[in-house]
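Using our numbering, the letters of the sequence shown correspond one by one to residues 41 to 299.
No residue lacks a Cβ here, since even glycine has one placed at the ideal position from N, Cα and C.
What follows is one structure encoded as structure tokens, with my remarks underneath.
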Amino acid sequence: MANKGKGAERGGKEGGRRSGDRGHYGRLSRERVLATALELVDREGLSALSMRRVGAELGVEAMALYRYAPSKDALLDGLVEALFIELQEYLADAATVGGPDEAVATAAGSLAEEPEWRAELHRIAQATYQVALAHPQVVPLLATRMLAVPLARRPLAVLMDHERVLELLDQAGLDEEKASMAFRAFNSWVLGYIFVELRAMVDNPEESDPAFRLGLHRMPVQELPRLRKTAPALAEHGGPEGLAAGLAALLDRFVQNAA
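Okay, here's the thing in structure tokens:
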């Protein structure tokens, strides 16, 4: 991923750096601030994120960051931006396409037989899945920040992703009304699938027995018979194949006979 490996450039240390170390890590930029915030959250979770912690990671005072992220909310939005920038880079890197496309070919048929717009929607979905799984601690922001930030105020990288999907639906021959429905369905499926893949399921990681590992003994038998029975299967990840299969069914529903 584009943001991986940058920790080595900053020394790869875990924990904060002394403010007296400023100048040892190069000039600040918005890209460096966001990359550092992303690395911090990847390592320690969203609860660790603060202007002070990011400043410490960069070897500067927190006040030095306000030029690039004027508030904690702006920093959170920056994390979303960083994910979508990484998504753009992932899609632009032809070398990364093979893995996701193999999953699509398995679940949705040969991409060579698909219209270009449809194959590209699959590629975007798979790339989004791969980037999200690389940064699971940031994924909740894809929901919470979208609820808090109006469309026009979202980062350009997010809006470009929206534009890319709408352009493909336009290529499919959908009018504005049908394209908006398909756009909502596409995003709902991809993001919903990712959230389900990343949901917490394991109750006790130290347990080898699946039932105790999932904590099924905590669920009342009479009230939750089906959930107890199905929980082990629900705990398994659907993977890129499941994402592709569901998207193929969705596109069949919304864009039947589209060329």
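Please state whether the Cβ-Cβ distance between Val295 and Leu214 is less than 8 Å.
yes
Alpha carbon to alpha carbon, how far is Glu121 from Pro265?
Roughly 42 Å between the two C-alpha positions.
Counting pairs of Cβ atoms below 8 Å between the segment 101-111 and the segment 172-182, do you hit three or more?
No, the segment 101-111 is not in contact with the segment 172-182.
What is the DSSP secondary structure of Gly118, reduced to helix, strand or coil?
helix
Classify Asp113 as helix, strand or coil using the three-state DSSP reduction.
helix
Report the residue from Met103, Gly278, Val81 and Gln170 whose alpha carbon sits nearest the alpha carbon of Tyr130.
Gln170
When burial is assigned at 16 or more other CB atoms within 10 Å of the CB, is Met259 buried or exposed?
Answer is exposed; the Cβ neighbour count stays below 16.
Between which two residues does the alpha helix (DSSP H) carrying Ala183 extend?
Leu181 to Ala188
Spatial neighbours of Ala275 within its chain, please: CB distance less than 7 Å, with the 5 preceding and 5 following residues excluded, ordered by chain position.
Within its own chain, the residues whose Cβ lies closer than 7 Å to the Cβ of Ala275, once the five positions on either side in sequence are excluded, are Met241 and Leu254, listed in chain order.
Hey, Arg72 and Leu98 are a contact pair by Cβ (cut 8 Å); roughly how many whole angstroms apart?
7 Å
Identity of the residue in Ala96, His175, Arg158 and Pro272 nearest Ala212 by Cα
Arg158
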